[in-house]
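*Asks:* Chains as they are written, first to last, in the working numbering: chain A, 1 to 548; chain B, 549 to 736; chain C, 737 to 912; chain D, 913 to 1167. Could you have a look at this structure, given as structure tokens, before my questions?
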Amino acid sequence: MTLNSEDLHQIAKIEKDKQDGFQHRIHVCVAAGCLSCGSGVLMDALGKEVNRRGLDNWCQIKGVGCLGLCAEGPLISLATSGTYYQGVKVSDVSDILDALGGNPVGRLLCPADTAFFKRQVRIVTENCGRIDPERIEEYIAESGYESLYLALTQMTPPEVIEQVTRSGLRGRGGAGYPTGLKWTTVSKAISSTKFIICNADEGDPGAFMDRSVLESDPHRVIEGMAIAGYATGASQGYIYVRAEYPLAVKRVRLALAQAERLGVLGNNIFNTHFNFTIKVRLGAGAFVCGEETALIASIEGRMGRPRPRPPFPAEFGLWEHPTLINNVETFANVPPIIRKGGKWFAGIGTEKSKGTKVFALAGKIVNTGLIEIPMGTPLRDIVFAIGGGIPGGKGFKAVQTGGPSGGCIPEQFLDMPVDYDSLLQVGSIMGSGGMIVMDETSCMVDVAKFFMEFCMSESCGKCAPCRVGTRQIYDILCRITGNQSTPEDLAMLEDLCDLMKNTSLCGLGQSAPNPVLTTLKYFRDEYLSHIHDRTCLAGACKTVVEVS
Amino acid sequence: MAKIRLATTWLDGCSGCHMSFLDIDELLIGLAEKVEILFGPLVDYKEFPEHADVTLVEGAVSNEADKKNIVMIRARSGILVSFGDCAITANVPGMRNRYPVGEVMKRAYVENADSVPAGNGGVRSEAAGVAFQTVPPLCQKARPVHEFVPVDVFLPGCPPPPEAITFLLTELLAGRIPDMTGRTRFGA
Amino acid sequence: MKEQVPNPGNTPPASSKPAEDHRLRMVNRTMQLYRNQSHALIETLHTVQESFGFLEEGVLKYVAATLRVPLSRVYAVATFYHSFTLKPPGEHTCVICRGTACYIGGSGEILDDIREKVGIVSGETTPDGQVSLLVARCLGSCGLAPAGVFDGEVTGKLSPEVVLEKIGRWQTHDPQ
Amino acid sequence: MKQHPQKKVRTDLNPSRLLTFKIDERDVSAHEDESILTVARQNGISIPTLCHLDGLSERGACRLCIIEVKGVAKLLPSCVTFPRQDMEVITNSERVVTYRKKILELLFTERNHVCSVCVSNGHCELQNLAVELGVTHVRYPYLYPRHAVDASHSRFSIDHNRCVLCLRCVRVCDEIEGAHTWDIMGRGITSQVITDLNQPWGTSETCTGCGKCVQVCPTGALSEKGKSVAEMIKRRQFLPYLQMMRGRQDDSWQK
């Protein structure tokens, strides 16, 4: 079956009419965060109650993707009035239905006019919390697959790449490589077979953006991949997703089946000569598989050990064919860029970092959850205005960005605009978008130790500097937090960090010292007090006791 | 010309390095004119001198007494030489480092003991082991000297060959810190 | 296809009883889905783990022979990835998240307490075979830090006391 | 058969380009598909290596052969870096020499390299590298891991205490012998080479007993039983020949 523009509009119209037919629409967040506090049961209860009251044609109950404010789950929103309810229990169901059309239930009300909601600019997450991720029709009703149609029928592949290049989009997986440039390289590679890979192996502890996007709006990623396939001349795609995200896996598989059934994936898409299919591959618990050559090895069924580059996957990738690897969020940005033009996208953000970025706020912060903000938003606004500040009246200490490859940013840089280059300047990286806030009770040496332990157990063991270096650095940090260190340890720590940074084989090893280096730079006093005074300034390291 | 004040000592070693020192043969005679040997297993002095210009340390730091002694030796020495592999890598004494101290002691003094101390009714037990009471307690790990105190010259080898020792002493006598690179190797 | 495994033959493991046939069928299905190509190894191991609970040696040999992957390579892949386990799991499974948010929120102390009071660390099972402890890198439930999964059920805002009580109930077969 | 993408099969239709570049200020000429390591050695310039072995695929993993290239910030492994016209390579700057030393020191701390009781004493590449690079002691603390010796094979034994994880044994067994008895289990600092399903070597069903792994081992990890220290000299000259004869050019360079 092949689809044309009219079919697409027809599906969208039927869906919209259907939705308009309801007086009220209640959206229940069924992303993993809210599911784990019982939103699944809640949704069932709402549905049963509506049915019991005979209101099936008057009020719609719909499971939707992430509403963002994960800390206050389960969250529901009333799409017709824009009201949000937080911390909803099954016992609240009657009250909620009673209040429809009248005054909202005061005790459940989640203020929606706060900075948390108002400061966000939603491009990647525009459908999150609005559509049912398990129904392709709802995606189509929100202009879904229109961009693919546009690209296939009205644009040449170079024109598609031109728009992506003009948009200034940079890779959202961490390093920020210009997406247009990557696409150009793959498109120019000479080969009859090429591959598109979507990197959904979100391994950073504390990052859950990609999972949320896949759980809330899987079709957006699929559409982005198909457009990339058309632009670069690939006809086969892979989504490499963590096995630890069963819900995301389920929804992606469902979405792929729906897309194939409708013909937006498969052969002769939209009656053109373009064929594109996507397969899902499961990760198996290895952070290093986020590195592109390791990811390729894993798809090929081997251990995820990176290999030296060049050659780069763009020329020599999966099964030795040119391969384009982009992150979930990068692909999710593509459909709106094609639909609204690269120029529109380039109008958002800063000079060198265009568009928006999705961040996962966590740690010692009031509004834990998922936010999407324009590039260049000051860190202070993210933590205090949008994030709601530090709970319990404690003092702010640092923000950790970029996961195990990133760094800790101290208070003095709070007014820094958050974009690729300014983060790099202070020794951190954008990373995939995890943002962990630490308050005065967090010991920065302990935080560095936490990340080094992570890198040590995630090191693939291929190159000597990373395999042995992570262990040596971890041992030193253990000695420091455990009251066993000598002043010489500090010099050795810096020496080993420098060695790893410069001689490791892949990005994991080269960036693994970053958390140590930034804490050494900005919180050196905490190291010194552990070493010389045997005191943990934050009071977190219990084994460090004051010597009387 | 004032004689150079030389001390030699061993911690946890086998004395092989000192034997190799004796293997420099006739050079010893010439050496005796230029150095004054203050202390060491080869001469009969009981106390480590207040100051030695050069000290050769054989062996790893293995027990609590070694730990105390090496700090004292460092303080009283001008140039400290890690003399042989045990001092540099912990080498043979370090082979026990993979096992907990208790296991090592049990193996050495209980399981492998070929005689049972008198008065213990013929029972082999840890309590009966003489070693447990009379020698300084073992550290968790035998470790190289330079992990405890700064070392000026490293002379690898198990033992270091006499030629390397000669070179070391000649250079030191000439007032230079010898560069041992390429003159000797670990284990050989 | 260059790798030929000389032995064992392409037959199901001898240990398979009729009750296990269903589990093997699942494994066969995955392998057939990929036309027994060697790159299906990881997907196949996922299925083995899902249907057997762990990677049993006999099944590994069978998979190696069917997919024509060397035995040592199968073992290498099985031990490289943390999702796979070579030991049978306990009756109950407790997963503690050690993502950054959960670590900042105190999941380290929970793990310390389990080590001290229950005597197991990540990847181990209590001697009575009742409880297996696993550590997750990030459950993505950062809003509920510290979080854990008890027999498949995600629970948030944990404390050492709550976790120890749960484990204690499993060990004493207290149904509550 | 897979091969390193930058090493091409030279034919009349697909000739290899000749180019000139500089190594340590010296003008050298090379084929574009010859690694910088190869070219350097052809010209008598020595670069230390450990995981590299002529006749086996390249891994680029030990990082000892790192070099500087003018205009490139990163240090590059010379075994998998290929020349470009007018490139300027520096193999012996203070920067790379210092890093090489430190990497070697890390390797010494990783396992229990007690050289004085090693069967390879005097023929050990790790030991030779220490002499070559002027490592007289190791500044980092030794890790003293607990590793076993497997002497279950009738003719050979493996002492994991001396293994540097160069994976030459894995590669020779796969690429030259074609048995793939060896592989590497686990990851990171807990990695270890294994035979078959991590079983005693003597019980391996796939091992042909050819002994090539013993011949390529750079240290005393793999050894032949009943040989004395002085006899522990490795024979490897057959490797490039076998690689050529068996048509396996760089089969698994990405392992």
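By construction, the Cβ of each residue, glycine as well, lies at the ideal position given by its N, Cα and C atoms. A quick note: this is a predicted structure, and the numbers were derived from the prediction, not measured.
#1: Just checking, does the segment 1053 to 1065 of chain D make contact with the segment 1010 to 1024 of chain D on the three C-beta pairs under 8 Å criterion?
#2: Below 9 Å between beta carbons is the criterion; list the residues of the segment 1073 to 1091 of chain D that meet it against any residue of chain A, in chain order.
#3: Please state whether DSSP places ASN271 of chain A in a helix, a strand or coil.
#4: Using a beta-carbon distance cut-off of less than 8 Å, what residues from the segment 1093 to 1123 of chain D approach chain C?
#5: Determine the burial state of SER958 of chain D: buried for a count of at least 16 other Cβ atoms within 10 Å of its Cβ, exposed for fewer.
#6: Comparing C-alpha positions only, which one of B:ILE725, B:ARG731 and B:THR718 sits nearest to GLY578 of chain B?
#7: CYS1125 of chain D and LEU1134 of chain D - do their beta-carbons sit closer together than 8 Å?
#8: If you run the structure through DSSP and keep just helix, strand and coil, what is HIS943 of chain D?
#9: Return the first residue and the last residue of the alpha helix (DSSP H) that ILE1088 of chain D is part of.
#10: Whose CA, out of A:ILE161, A:ILE123, A:GLU162 and A:SER298, lies closest to the CA of ASN199 of chain A?
#11: Quick check on the DSSP output: the beta strand (DSSP E) that includes GLN1104 of chain D runs from which residue to which?
#12: What residue ranges within the segment 292 to 371 of chain A form continuous beta strand (DSSP E) runs of no fewer than 3 residues, ordered along the chain?
#13: Only counting runs of 4 or more residues, tell me where the alpha helix (DSSP H) segments fall wholly within the segment 688 to 727 of chain B, in order along the chain.
#14: For the alpha helix (DSSP H) holding ARG220 of chain A, just list the boundary residues, first then last.
#15: Name, in chain order, the residues that DSSP records as bridge partners for GLY60 of chain A.
#16: Counting only beta-carbon separations shorter than 8 Å, does GLY47 of chain A have a partner in chain C?
#17: Return helix, strand or coil for LYS934 of chain D, following the three-state DSSP convention.
#18: Buried or exposed for SER895 of chain C, going by 16 or more other Cβ atoms inside 10 Å?
#19: Ordered along the chain, which non-local residues of its own chain (more than five positions away) have a Cβ less than 7 Å from that of SER5 of chain A?
#20: If the cut is a Cβ gap below 7 Å, which residues of chain A does GLY1046 of chain D touch?
#21: Any residues in the segment 470 to 482 of chain A with a beta carbon nearer than 8 Å to a beta carbon of chain D? Which ones, in chain order?
#22: Between the segment 168 to 181 of chain A and the segment 257 to 276 of chain A, are three or more C-beta pairs nearer than 8 Å?
#23: Using a Cβ-Cβ cutoff of less than 6 Å, which residues in the same chain neighbour GLY317 of chain A once the five nearest sequence positions on both sides are dropped?
#24: Verify the CB distance criterion: does HIS818 of chain C have a CB-CB separation below 8 Å to chain F?
#25: Tell me, please, whether the CB atom of THR503 of chain A is closer than 8 Å to any CB atom in chain D?
#26: Decide if the segment 496 to 507 of chain A is in contact with the segment 159 to 172 of chain A; the criterion is three or more beta carbon pairs, one per stretch, under 8 Å apart.
#27: Give a yes or no on whether the minimum CB-CB distance between GLY879 of chain C and chain A is below 8 Å.
#28: When you compare the CB of SER1028 of chain D with every CB in chain A, is at least one pair closer than 8 Å?
#29: Which class does CYS833 of chain C belong to by DSSP, given the choice of helix, strand or coil?
#30: Does the segment 116 to 135 of chain A come close enough to the segment 214 to 224 of chain A that 3 or more CB-CB pairs lie under 8 Å?
#31: Roughly how many angstroms lie between the CA atoms of LYS615 of chain B and LEU686 of chain B, to the nearest whole one?
#32: Compare the Cα-Cα distances from VAL334 of chain A to each of A:VAL160, A:ASP17 and A:SER91 and report the closest residue.
#33: Given SER143 of chain A, which residues of its chain have a CB within under 7 Å of its CB, disregarding the five upstream and five downstream residues?
#34: In the structure shown, what three-state DSSP assignment does GLY564 of chain B receive?
#35: Do you know offhand how far ILE382 of chain A's Cα is from VAL366 of chain A's?
#36: Is it true that the CB of LEU108 of chain A sits closer than 8 Å to the CB of TYR85 of chain A?
*Replies:* So, to answer that:
#1: yes
#2: VAL1076, LEU1077 and LEU1079
#3: As a first step, residue 271 of chain A is located in the first sequence; it is residue number 271 there, counting from the start. If DSSP states are grouped into helix, strand and coil, ASN271 of chain A belongs with the helices.
#4: The segment 1093 to 1123 of chain D vs chain C, Cβ under 8 Å: THR1093, TRP1094, ASP1095, ILE1096, MET1097, GLY1098, ARG1099, ILE1106, THR1107, ASP1108, LEU1109, ASN1110, GLU1117 and THR1118.
#5: On the fourth sequence, position 46 is the one that residue 958 of chain D refers to. Label assigned to SER958 of chain D: exposed.
#6: Position 30 of the second sequence, counted from the first residue, corresponds to residue 578 of chain B. Nearest option by C-alpha distance: B:THR718.
#7: On the fourth sequence, position 222 is the one that residue 1134 of chain D refers to. On the fourth sequence, position 213 is the one that residue 1125 of chain D refers to. Contact flag set, yes.
#8: Here residue 943 of chain D is taken as the residue at index 31 of the fourth sequence, counted from 1. In this structure, HIS943 of chain D counts as strand in the three-state DSSP scheme.
#9: As a first step, residue 1088 of chain D is located in the fourth sequence; it is residue number 176 there, counting from the start. No alpha helix (DSSP H) holds ILE1088 of chain D; DSSP gives it neither H nor E.
#10: In the first sequence, counting from the first residue as 1, residue 199 of chain A sits at position 199. Per the Cα distances, A:SER298.
#11: For the purposes of this step, residue 1104 of chain D is identified with residue 192 of the fourth sequence, where counting begins at 1. 1104 to 1107 is the extent of the beta strand (DSSP E) around GLN1104 of chain D.
#12: 323 to 327 and 356 to 363
#13: 710 to 721
#14: By 1-based counting over the first sequence, the position of residue 220 of chain A is 220. 218 to 232 is the span of the alpha helix (DSSP H), which, as asked, contains ARG220 of chain A.
#15: Counted from its first residue, the first sequence places residue 60 of chain A at position 60. It is Gln, not Gly, that sits at residue 60 of chain A in the sequence shown. In DSSP, GLN60 of chain A forms a bridge with A:ARG25.
#16: Sequence index remark: in the first sequence, residue 47 of chain A carries index 47 (1-based). False, the Cβ-Cβ gap to chain C never drops below 8 Å.
#17: Here residue 934 of chain D corresponds to residue number 22 of the fourth sequence, with the count starting at 1. LYS934 of chain D falls in the strand class under three-state DSSP.
#18: What you label residue 895 of chain C is simply residue 159 of the third sequence in a count that begins at 1. Under this definition SER895 of chain C is an exposed residue.
#19: Residue 5 of chain A sits at position 5 when you count from the first residue of the first sequence. Once the five neighbours on either side are set aside, the close Cβ partners of SER5 of chain A are TYR149.
#20: As a working mapping, residue 1046 of chain D is identified with position 134 in the fourth sequence. Ordered by position in chain A, no residue passes the 7 Å Cβ test against GLY1046 of chain D, which lies about 17 Å from the chain.
#21: THR470, ARG471, GLN472 and ASP475
#22: no
#23: Against the first sequence, residue 317 of chain A aligns to sequence position 317. Cβ within range, chain order: ILE296 and THR323.
#24: No chain F appears in the structure shown, which is made up of the protein chains A, B, C and D.
#25: Along the first sequence, one-based indexing puts residue 503 of chain A at 503. By this cut-off, THR503 of chain A is an interface position.
#26: no
#27: Taking the third sequence and counting its residues from 1, one reaches residue 879 of chain C at position 143. True, the Cβ-Cβ gap to chain A drops below 8 Å.
#28: Here residue 1028 of chain D corresponds to residue number 116 of the fourth sequence, with the count starting at 1. No, because no Cβ of chain A sits closer than 8 Å to the Cβ of SER1028 of chain D.
#29: Start at 1 with the first residue of the third sequence, and residue 833 of chain C comes out as number 97. CYS833 of chain C: strand per DSSP, three-state reduction.
#30: yes
#31: For this step, residue 615 of chain B is matched to residue 67 along the second sequence. For this step, residue 686 of chain B is matched to residue 138 along the second sequence. Distance between the alpha carbons of LYS615 of chain B and LEU686 of chain B is about 10 Å.
#32: Locating residue 334 of chain A in the first sequence gives position 334, where the first residue counts as 1. When only C-alpha atoms are compared, the closest one is A:VAL160.
#33: As a working note, residue 143 of chain A is residue 143 in the first sequence. Contacts found: ARG339.
#34: Locating residue 564 of chain B in the second sequence gives position 16, where the first residue counts as 1. GLY564 of chain B: helix per DSSP, three-state reduction.
#35: Looking up residue 382 of chain A in the first sequence gives position 382. Looking up residue 366 of chain A in the first sequence gives position 366. Taking the straight line from one Cα to the other gives about 12 Å.
#36: As a position in the first sequence, residue 85 of chain A is number 85, starting the count at 1. As a position in the first sequence, residue 108 of chain A is number 108, starting the count at 1. Yes, they are a contact pair.
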